[in-house]
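Chains as they are written, first to last, in full-length UniProt numbering: chain P, 1 to 398; chain S, 1 to 398; chain E, 1 to 398. Every residue, glycine too, gets a C-beta built ideally from N, C-alpha and C. These numbers come from a predicted model, not from an experiment.
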Amino acid sequence: MKTLQDYIDKLNSLNFKEMYENDFFLTWEKTDDELEAVWTVADALRFMRENNISTKVFESGLGISLFRDNSTRTRFSFASACNLLGLEVQDLDEGKSQIAHGETVRETANMISFMADVIGIRDDMYIGKGNAYMHQVSDAVTEGYKDGILEQKPALVNLQCDIDHPTQTMADMLHIIHEFGGIENLKGKKLAMTWAYSPSYGKPLSVPQGVIGLMTRMGMEVVLAHPEGYEVMPEVLDVAKSNAEKSGGSFRVSNDMADAFKDADIVYPKSWAPFAAMEKRTDLYGNGDMDGIKALEKELLAQNANHKDWCCTEELMKTTKDGKALYLHCLPADINDISCKDGEVEASVFDRYRNPLYKEASYKPYVIAAMIFLSKFENPQEVFKKLEEKKSPRKFSI
Amino acid sequence: MKTLQDYIDKLNSLNFKEMYENDFFLTWEKTDDELEAVWTVADALRFMRENNISTKVFESGLGISLFRDNSTRTRFSFASACNLLGLEVQDLDEGKSQIAHGETVRETANMISFMADVIGIRDDMYIGKGNAYMHQVSDAVTEGYKDGILEQKPALVNLQCDIDHPTQTMADMLHIIHEFGGIENLKGKKLAMTWAYSPSYGKPLSVPQGVIGLMTRMGMEVVLAHPEGYEVMPEVLDVAKSNAEKSGGSFRVSNDMADAFKDADIVYPKSWAPFAAMEKRTDLYGNGDMDGIKALEKELLAQNANHKDWCCTEELMKTTKDGKALYLHCLPADINDISCKDGEVEASVFDRYRNPLYKEASYKPYVIAAMIFLSKFENPQEVFKKLEEKKSPRKFSI
Amino acid sequence: MKTLQDYIDKLNSLNFKEMYENDFFLTWEKTDDELEAVWTVADALRFMRENNISTKVFESGLGISLFRDNSTRTRFSFASACNLLGLEVQDLDEGKSQIAHGETVRETANMISFMADVIGIRDDMYIGKGNAYMHQVSDAVTEGYKDGILEQKPALVNLQCDIDHPTQTMADMLHIIHEFGGIENLKGKKLAMTWAYSPSYGKPLSVPQGVIGLMTRMGMEVVLAHPEGYEVMPEVLDVAKSNAEKSGGSFRVSNDMADAFKDADIVYPKSWAPFAAMEKRTDLYGNGDMDGIKALEKELLAQNANHKDWCCTEELMKTTKDGKALYLHCLPADINDISCKDGEVEASVFDRYRNPLYKEASYKPYVIAAMIFLSKFENPQEVFKKLEEKKSPRKFSI
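1) Hey, out of E:Lys2, E:Phe58, E:Tyr133, whose CA is closest to E:Phe25's CA?
2) Check each residue of the region 293-323 of chain P: if its Cβ is closer than 7 Å to any Cβ of chain E, include it; give the result in chain order.
3) Starting from P:Tyr358, find everything on chain E with Cβ-Cβ shorter than 7 Å and list it in chain order.
4) Residues of the region 159-188 of chain E in Cβ contact with chain S at a cutoff of 9 Å, in chain order, please.
5) Mind checking which residues open and close the alpha helix (DSSP H) that includes E:Val367?
6) Quick one: what does DSSP say E:Glu88 is sitting in, helix, strand or coil?
7) Could you tell me whether the region 143-155 of chain E touches the region 165-179 of chain E, using the rule of 3 or more Cβ pairs below 8 Å?
8) If you run the structure through DSSP and keep just helix, strand and coil, what is E:Gly120?
9) When the cut-off is 9 Å and only beta carbons count, does E:Glu94 lie next to chain S?
10) Grab me the residues of E:Ala79's own chain with a C-beta within less than 6 Å of its C-beta, minus the 5 sequence neighbours each way, in chain order.
11) Indicate the three-state DSSP secondary structure (helix, strand or coil) for S:Ser250 in the structure shown.
12) Which residue from P:Trp28, P:Thr108, P:Val157 puts its Cα closest to that of P:Ala370?
13) What residues are listed by DSSP as bridge partners for S:Val105?
14) CB-CB under 6 Å to P:Ala100, same chain, minus the five flanking residues each way: which ones, in chain order?
15) Could you tell me which chain P residues have their CB closer than 7 Å to the CB of S:Lys56, listed as they occur along the chain?
16) Nearest by alpha-carbon distance to P:Ala302: which of P:Pro274, P:His329, P:Val367 is it?
17) If you run the structure through DSSP and keep just helix, strand and coil, what is S:Ala100?
18) Count the other CB atoms, across all protein chains shown, that sit within 10 Å of the CB of P:Ser138; report buried if there are 16 or more and exposed otherwise.
19) Which residues, in chain order, does the region 367-383 of chain S contribute to contact with chain E at a C-beta distance below 9 Å?
20) Report the three-state DSSP secondary structure of S:Gln152 (helix, strand or coil).
21) Which residues in the same chain have their Cβ closer than 6 Å to the Cβ of E:Lys390, if we skip the five residues on either side of it in sequence?
22) Along the region 231-262 of chain E, where does the CB come closer than 9 Å to a CB of chain S? Name the residues.
23) Looking only at DSSP bridge pairs, what is P:Thr194 linked to?
24) For chain S, is any of its Cβ atoms less than 9 Å away from the one on P:Lys386?
25) Excluding the five sequence neighbours on either side, which residues of its own chain have a C-beta within less than 8 Å of the C-beta of S:Leu387, listed in chain order?
26) Go ahead and pull the three-state DSSP assignment for S:Ser71.
27) Quickly, what does DSSP pair E:Val349 with across the bridge? List them, please.
28) Assuming S:Ala171 contacts P:Met111 under a Cβ cut-off of 8 Å, what Cβ separation, rounded to an integer in Å, is found between them?
29) Give me the Cα-Cα distance between P:His307 and E:Asp69, rounded to the nearest whole angstrom.
30) For a contact meaning CB atoms closer than 7 Å, what does P:Gln90 contact in chain S?
31) Compare the C-alpha of P:Asp23 against each of P:Tyr268, P:Thr142, P:Lys359, P:Leu191 and name the closest.
32) In three-state terms, what does DSSP make of E:Cys312?
33) Please list, in chain order, all residues of the same chain as S:Ser271 whose beta carbon is under 8 Å from its beta carbon, the five residues on each side excluded.
34) Decide yes or no for the touch test of the region 280-295 of chain E against the region 346-355 of chain E: beta carbon pairs closer than 8 Å, at least 3 of them.
35) Just how far apart, CA to CA, sit S:Lys241 and S:Gly128?
36) Report yes or no: do the region 276-283 of chain P and the region 241-259 of chain P share at least 3 C-beta pairs separated by less than 8 Å?
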């Protein structure tokens with residue numbers, strides 16, 4: 001698209017009215033139109049920024065972030081998204097708070113939200129907990145808003161939970177759309193979401209789960225490949241199967257990396273921990289069984305080490321479509337002889353795809369900003385039109 | 001009030017000219033007019049925000065925060081207040097600074113203030129220290145301003161010291177004013193500030209002290225109740241007595257919770273540590289006597305445990321005015337069987353008052369913003385008028 | 001200068017076009033005109049702030065800071081500078097990031113820069129590392145910009161490296177310029193950059209190195225004095241010699257503090273660690289040799305203690321020009337009987353110069369803002385003119 005009007009026209013063709021005043025938890029809770037609205041708004045915001053049109057739609061207001069796991073890129077993406085719209089990030093650092101006093105989620109959620117327009121949460125460590133926690137927070141502020149305590153209902157954006165990583169996969173997908181020239185060109189394309197070896201353990205399942213939960217909606221031939229024992233959440237497998245059926249694509253699980261890579265248009269080789277082991281770990285933490293956790297870690301690392309051959313090699317890449325499938329990763333990757341001896345990908349493969357990988361990552365701030373935008377403005381088309389008319393530059397221009 | 005002009009008219013009737021370029025340490029250092037100006041400006045700012053009128057009065061400038069104790073709600077309230085006015089919060093994290101190098105308060109205060117319009121400090125841990133430290137900081141920046149080092153004198157806002165917690169009690173009071181339909185309706189109302197049992201120890205005295213120092217000014221019948229041995233600072237008792245006399249109300253101390261609750265219109269049951277013990281603790285810390293501190297902690301917990309019957313029960317609530325006194329708390333509360341086995345309040349009482357409690361907390365950001373506003377603008381009435389004329393929306397509107 | 005036009009006229013006489021879209025690493029990599037442009041823009045920004053003219057030139061955008069050493073004044077100076085221009089500071093806290101996962105500098109640099117207009121880094125601890133790291137970051141984002149990954153190239157500002165501390169020395173110099181009434185008055189003035197005793201060890205060399213690398217450019221008579229064994233980087237000595245030659249001043253090294261102070265117009269007595277020892281320490285850290293580090297620390301403290309007589313005393317001050325040389329320090333200073341028993345300066349000397357010292361520090365935010373400004377705007381003169389015409393106040397005015 002070449003003008004802002006093109007994005008507005010696209011939005012006019014979509015039904016996304018349910019996104020207004022709503023949250024973003026899982027991609028499969030959204031309609032196709034709603035997902036396309038996110039990508040369209042993300043592209044429009046990028047277009048405006050690239051053309052030095054300010055997209056500051058808030059004069060004041062906070063964007064609250066809560067990271068229950070370390071983060072660089074998601075933290076900066078959230079901060080960038082908030083800043084782009086005029087919201088100031090305030091991080092809820094649980095270590096510096098009084099939450100240890102036994103405060104309820106309901107109370108904390110309201111106490112931080114008096115002037116909050118959005119809350120972004122990353123809570124991906126424990127199976128059955130992260131997504132549930134986000135819902136608790138959302139329920140609390142929704143009630144607080146209804147009860148007249150909060151003047152606005154902050155939108156909740158899932159910055160990675162135990163089930164899905166929607167800001168990542170929506171950015172991945174926007175990258176794919178741009179690489180393939182449009183959603184309409186994805187039908188029939190083969191995508192391989194495959195496990196890969198890493199010397200670390202306990203990497204979240206939210207990326208592979210999020211990928212099969214989203215990419216199966218475009219009519220693609222999606223293969224999830226992993227060694228036996230590295231199964232993902234069964235519920236998400238069901239989502240993927242049902243998506244594939246509806247979209248006219250296919251979904252299958254394989255225990256053979258070569259099978260998945262064969263003729264693939266897109267490959268996404270990445271390590272994760274077995275779902276069953278992560279469930280066990282959650283229970284061990286729940287019981288404070290530190291010896292059990294150490295034993296589990298040792299066991300998992302040993303199990304991983306049996307599968308060092310699950311690596312994205314040049315040899316495997318040659319077997320993909322024309323030998324040049326689009327290689328994806330959420331970063332940081334474990335690169336052979338760079339970040340570790342044996343890892344997820346050979347250095348020469350990674351190097352060749354460095355620019356596309358960084359480009360892939362660059363969509364995340366815009367995807368987050370779009371999720372906030374669609375929750376906050378009922379008619380983004382009109383807002384875009386007015387912003388264009390207003391011609392307020394992001395960076396002062398003479 | 002229904003229009004911004006109503007708030008402006010109210011301000012026109014008050015004398016608060018001494019607040020301009022001044023700090024906010026203790027409520028009893030301010031006149032009645034000055035306190036009413038704070039509440040009026042707070043309400044006006046809330047009115048404007050609710051009507052989507054931007055109150056951004058700074059294009060740039062910093063709000064410095066220094067928290068020497070953990071904090072969630074005060075931290076977010078201060079951040080919200082600054083953001084509402086256009087100031088960016090910059091936290092002085094003493095752990096990340098060079099202050100350990102032996103730098104003086106005077107120097108640090110100036111070094112962080114070159115572009116600071118406000119400094120908010122929480123320093124409530126040690127008797128005789130917190131308020132004194134805030135004065136040191138204020139003196140330093142006042143001198144820096146006079147000496148031409150600083151282009152502006154940052155306003156100091158006491159976010160809780162060893163003596164008072166003015167942003168809390170001013171928010172509490174604004175809540176009371178709204179619940180009772182105006183300051184003029186408070187005369188003769190009975191308020192019970194009572195101790196309550198908590199399994200933790202060492203809770204600051206600033207809330208009960210701040211409450212009796214402020215609430216005695218409205219002609220109310222104020223009772224401070226606590227077990228023997230839980231006395232507060234004698235100086236603040238004197239303030240309360242003198243306030244009550246001047247305002248035509250009353251103030252007395254009781255060692256009987258039931259006596260305090262009887263026919264009360266407002267109850268504020270909350271744990272605190274004995275003043276004498278806190279003084280002792282300050283000395284022990286001063287001498288680095290860690291064994292002494294542990295012994296004191298054990299002693300205080302045992303002493304607390306003798307008073308588990310000091311709990312805000314349904315039974316006690318029934319004895320209040322019509323059985324429905326307004327229940328207040330600064331939060332988080334120790335709730336029976338929720339945050340601990342025995343605590344300050346029964347769960348059913350707390351639950352019934354949850355919404356009013358959250359509403360009470362929601363005034364704090366506005367009270368802080370009002371304190372900053374009155375220190376920074378000589379004529380807030382004119383500023384409000386111009387902001388209304390300008391009609392710049394907080395959130396973009398079409 | 002009295003009007004903004006005066007600063008604009010000054011800028012019109014200078015050639016600084018290479019600063020646009022460029023970084024600021026070392027002062028000696030910049031031309032005289034470029035340095036003067038920094039001072040002029042810094043003064044112009046201060047003039048505008050003092051006259052309540054908003055200098056907000058960004059509606060959105062991030063200023064990324066990375067502090068690999070504790071910092072108060074540089075942290076707040078950077079935050080103030082960004083805020084003054086409209087950028088929001090986002091701190092990269094390596095402890096909270098995923099960088100430990102083995103991510104490359106190139107990757108991290110790009111991941112945090114999607115909406116970053118400036119990156120400020122302090123990395124002064126290890127010889128041969130800090131400046132090199134900054135170049136790695138700059139190279140990475142320059143490449144990212146060229147490859148279309150970043151929409152803008154963030155300017156890199158050196159907030160202190162192992163070689164230079166340009167934001168400090170440029171602020172020092174701006175202070176000198178104002179004190180002496182113009183650059184043109186500095187020719188022939190004697191400046192003594194001297195070592196002084198401190199009971200701590202391992203203070204960075206970047207200040208003395210930065211001072212002799214910059215102050216030798218003004219035709220001044222610069223003496224670097226220190227006890228034997230406290231040599232600075234030989235490369236910077238060469239820079240200083242060459243500068244002095246070109247500028248018609250002089251540069252020499254002395255091992256006698258009295259010799260340096262004699263008739264000096266400006267004195268800068270400050271502790272630092274021997275370059276050779278710092279090189280050794282870097283190697284010890286590289287090898288993880290903690291015993292070696294402890295031994296080195298002990299050795300260095302003992303070595304320092306041999307030179308307690310290197311103190312800026314009243315007696316020494318009397319020997320300076322008319323007994324009243326301008327005393328400089330980057331702060332915090334080790335003051336006798338205040339921050340330590342024996343230190344860098346007698347309390348009465350420090351006290352007498354407190355105001356000028358704080359004034360000296362007050363230039364740093366403006367110097368940083370000027371560095372950013374010159375990197376971001378090709379024609380600052382036009383921007384100033386338009387800002388003045390726009391007359392948007394920093395603080396709301398009626």
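Walking through what the data contain:
1) E:Tyr133
2) none
3) Asn110, Gly144, Ile149
4) none
5) 364-376
6) Reduced to three states, the DSSP call for E:Glu88 is strand.
7) No, because fewer than three Cβ pairs between the region 143-155 of chain E and the region 165-179 of chain E fall closer than 8 Å, the two stretches do not touch.
8) strand
9) no
10) Around E:Ala79: Val89.
11) strand
12) P:Val157
13) Residue pairing for S:Val105: DSSP places it in no beta bridge.
14) Interpretation of P:Ala100 is limited by its pLDDT of 48, a score under 50 that renders its predicted location unreliable; the figure taken from the coordinates is listed afterwards. Scanning its chain for C-beta atoms nearer than 6 Å, with the 5 sequence neighbours on each side dropped, one finds no residue around P:Ala100.
15) Glu59, Ser60
16) P:Pro274
17) Because the pLDDT of S:Ala100 is 48, which lies under 50, any placement of that residue in the model is unreliable, and the question is left without a value.
18) buried
19) Lys376, Phe377, Asn379, Glu382, Val383
20) Taken through DSSP and simplified to helix, strand or coil, S:Gln152 comes out as coil.
21) none
22) none
23) P:Ala225, P:Pro269
24) yes
25) Met48, Ile53, Ser54, Thr55, Val57
26) coil
27) The partner list for E:Val349 (beta bridge, DSSP) is empty, contrary to what the question assumes.
28) In fact, because the Cβ distance is near 12 Å, the residues do not count as touching under 8 Å.
29) Roughly 41 Å separates the two Cα atoms.
30) Phe76, Ala79
31) P:Thr142
32) strand
33) Trp195, Ala196, Tyr197, Ser198, Ser200, Lys203, Asn304, Asp334, Glu344
34) no
35) Going from the Cα of S:Lys241 to the Cα of S:Gly128 covers about 22 Å.
36) Not touching, per the Cβ criterion.
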